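Chains as they are written, first to last, in my numbering: chain A, -11 to 292; chain W, 139 to 311; chain F, 44 to 380.
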């Protein structure tokens, strides 16, 4: 199978016009095969985008993209639950489950598994496949050895697989909104302050070292995951799909670079060089893949 | 409750008692006693060393902050070592340091106070290899009965009397 | 309408070591939970937990005294290492533990298929925070009890109770992490050790304490400074979600997630019991027997008093709490979020 490039769901709270323009431009210009839409972080944000889903999905489909709807990652209150039951009830739509409440509705129906689901091992993958999953995007903290075992099992089960290769890493979810907290508010009266930070709010340590970034109830890495160097290994082990996680910078350019990489038209070093030019203020990381500290960036040695 | 009272630790009026009691004791006299204590403990409590695992050969600086000397402990099951050093001039090298008043340390070793709570109240200071400290704390905590009573027993009636005097101080403070 | 009655709740207590297990049982625990000495449980701390032999002895001690033993096998096996978790399930079942606490779907499936009669509880690490999520696990693996995340109000717990086919276990005391359990890679990001796969949050080997001559205490996790406590200021665990940070708007360091604080629901116990909670859980397998003794006996007394229709004197456990601060957290009000 030719490696597929995917655009993950937008993690951040962008103004609705920006949100829509992003997808229109992706449809028109980005060489990606699959696009995920849907609010995965906060159910309070969803009403801004929901009226646009149909139009955007149609536009993407007309541009030849496969569209998958992603469900909310943390489901707790009534409104969250309604979002999940609503999305999973849609006809003729493929849904990505990001928590087990979605699986409650999707069991027995074809669906995909998102990176917020804890698919750490081949036994879980097997169970979920028998439950109706036809594709799985693995958690970002999985190291190479585990991905390799999972990929082998997936091939055996006849399902496709995905790994995030670009973008800040979602590290934790919470019931509490840390954007609201930073502004002396609580989740219920947040006034959507998360809209101020298109790529998250940076948290630095007491020593001034950049560490994490806050995105509503989600805590993300400060660093930007970049597995350009590891793509060859990933394709070698049989991973079929490669996910880019959207940021406010030029994601069309980012997707073109990864497309070139997947088609062997560019090498990892030059792609990384180009990526750095797009967003020089955020350092890269690939530690999780190499079973070390997630924030670390291990530079591949030049092959002789 | 004992916890609250002990949490107020530093104001403890008998605080300097151990220093006064032990200050005149010359180190050459103390050393054979310590060697015997650690040897006997290793004999009587072999289960302690199982939990220590790879940390058996670490050197712990046990630092009772109100005493004139500090202790260096290497809880190696085959060759356990415990020696006292006078505080000050030549700082001995160690992997981990555990510091607190004599009674704080005694109560923690004895299992009557919670190490985490002592850390939260800042009565316990931990430095260096944190994992080694956590392992030692967990291993000690799994011992049944009182290791302090064991020690006292090694010194017969006088030892037991000393420990019950310390317990009284703890209760009354 | 009939006033909801109070069922006698099961008091579920932590046992990090065999000595703590005996202490908990003697102090009045109805059940203790514990784990093996490896990554199969979420308190895989050095020097803690049970060898198979110790587990057998602990079970005998508890059963002789009418207490149950729950085995925590509540981490997520990374692909390629599943056998270790299988072994834990096989052993626990062979020893006759009263229930196995699971989080991973693969582990739950293995336990359920291999030992259909083995009672299974769903760990808080599974992060099942809605009735649908809980029902998915009940339907798939015949889960008998769910340990609820510490994010719901008592009213919400009551609503969940009415919608699910299994028992509820709720935390009443101890450390509260701020992140959804089983969905946090912060430790792995900073240290390379995964909470989900290795069973450790803020591993001691990566924790560094530095106290200067003025007694200011700086705590570090790996390369990152987590907090700095001034002299005399009460401290907390060196966990990322209890640290102080700065942002573009907060030049002064602030607790971006939560301050060092522990959960204490003593005053909410009657409400919880009326909400349909079957079991009340005390956190703290990493704590000493002194903690276990104090907390378990305190809650034993309080629960017994409530059951006898008395108004108990509320015991003071503040000295054992993180930062010497306690909270009713999410249980009291939605404003906690």
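Yeah, the Cβ is synthetic: ideal placement off N, Cα and C, and Gly gets one too.
Every value quoted in this text rests on a predicted model; they were computed, and no experiment measured them.
Where residue i sits in the DSSP three-state scheme
i                      : result
residue 211 of chain W : strand
residue 332 of chain F : helix
residue 367 of chain F : helix
residue 302 of chain F : coil
residue 134 of chain F : helix
residue 297 of chain F : strand
residue 195 of chain A : coil
residue 341 of chain F : helix
residue 115 of chain A : helix
residue 87 of chain F  : coil
residue 169 of chain W : helix
residue 19 of chain F  : Because residue 19 of chain F is not part of the residues shown, which for chain F are 44 to 380, the question remains open.
residue 190 of chain W : helix
residue 258 of chain A : helix
residue 93 of chain F  : strand
residue -9 of chain A  : coil
residue 180 of chain A : coil
residue 158 of chain A : strand
residue 242 of chain A : helix
residue 199 of chain F : helix
residue 174 of chain W : helix
Buried or exposed (CB count within 10 angstroms, at least 16 for buried), residue i
i                      : result
residue 132 of chain F : buried
residue 244 of chain F : buried
residue 229 of chain A : buried
residue 149 of chain A : buried
residue 184 of chain A : exposed
residue 86 of chain A  : buried
residue 169 of chain W : exposed
residue 285 of chain F : buried
residue 373 of chain F : buried
residue 89 of chain A  : buried
residue -1 of chain A  : buried
residue 122 of chain F : buried
residue -11 of chain A : exposed
residue 146 of chain A : exposed
residue 228 of chain W : exposed
residue 283 of chain W : exposed
residue 209 of chain A : buried
residue 253 of chain F : exposed
For residue i, the residue or residues it bridges with in DSSP
i                      : result
residue 384 of chain F : Residue 384 of chain F cannot be examined here, being either before or after the span of chain F that is shown, 44 to 380.
residue 244 of chain F : Its beta-bridge partners do not exist; DSSP assigns none.
residue 238 of chain W : W/202
residue 158 of chain F : None; residue 158 of chain F has no bridge partner.
residue 260 of chain F : F/254, F/272
residue 190 of chain A : A/201
residue 164 of chain F : F/144, F/188
residue 77 of chain F  : F/114
residue 222 of chain F : A/162
residue 307 of chain F : F/216
residue 223 of chain W : W/208
residue 243 of chain W : None, per the DSSP bridge assignment.
residue 272 of chain A : A/212
CB contact check: residue i to chain D, cutoff 8 Å
i                      : result
residue 287 of chain F : In the structure shown, chain D cannot be found, because the protein chains are A, W and F.
Legend entry - the stretch 98 to 107 of chain F / the stretch 134 to 144 of chain F touching (three or more Cβ pairs under 8 Å): yes
Inset, instruction - Could you pull out every unbroken beta strand (DSSP E) segment of at least 3 residues lying fully inside the stretch -2 to 62 of chain A, listed in chain order? - result: If we require 3 residues or more, the beta strand (DSSP E) runs fully inside the stretch -2 to 62 of chain A come out as 22 to 25, 54 to 58.
Legend entry - Any beta strand (DSSP E) of 3 or more consecutive residues that is wholly inside the stretch 259 to 291 of chain W: 263 to 266
Inset, instruction - Please determine if the stretch 269 to 282 of chain F and the stretch 250 to 261 of chain F are in contact, where contact requires at least 3 C-beta pairs separated by less than 8 Å. - result: yes
Inset, instruction - Examine the Cβ distances between the stretch 177 to 188 of chain A and the stretch 186 to 204 of chain F and report whether three or more of them are shorter than 8 Å. - result: no
Legend entry - Within the stretch 199 to 234 of chain A, ranges of the alpha helix (DSSP H) (whole runs, at least 4 residues): If we require 4 residues or more, the alpha helix (DSSP H) runs fully inside the stretch 199 to 234 of chain A come out as 219 to 225.
Inset, instruction - Check whether the stretch 307 to 323 of chain F touches the stretch 278 to 295 of chain F, counting contact only when three or more Cβ pairs, one atom from each stretch, lie closer than 8 Å. - result: no
Inset, instruction - With a floor of 3 residues, list each beta strand (DSSP E) that falls wholly inside the stretch 57 to 111 of chain A, ordered by position along the chain. - result: 82 to 85, 99 to 101
Legend entry - Cβ pair count under 8 Å reaching 3, the stretch 68 to 77 of chain F against the stretch 279 to 296 of chain W: no
Legend entry - Complete runs of the alpha helix (DSSP H) confined to the stretch 118 to 154 of chain A [at least 4 residues]: 132 to 145
Inset, instruction - Decide yes or no for the touch test of the stretch 33 to 40 of chain A against the stretch 267 to 277 of chain A: beta carbon pairs closer than 8 Å, at least 3 of them. - result: no
Legend entry - the stretch 224 to 244 of chain F contacting the stretch 214 to 228 of chain W, beta-carbon criterion three pairs below 8 Å: no
Inset, instruction - Could you tell me whether the stretch 74 to 81 of chain F touches the stretch 109 to 121 of chain F, using the rule of 3 or more Cβ pairs below 8 Å? - result: yes
Legend entry - Segment contact flag, the stretch 270 to 281 of chain W with the stretch 230 to 239 of chain W, C-beta cutoff 8 Å, min 3 pairs: yes
Legend entry - contact_flag[the stretch 316 to 335 of chain F, the stretch 235 to 243 of chain A] where n(CB pairs < 8 Å) is 3 or more: no
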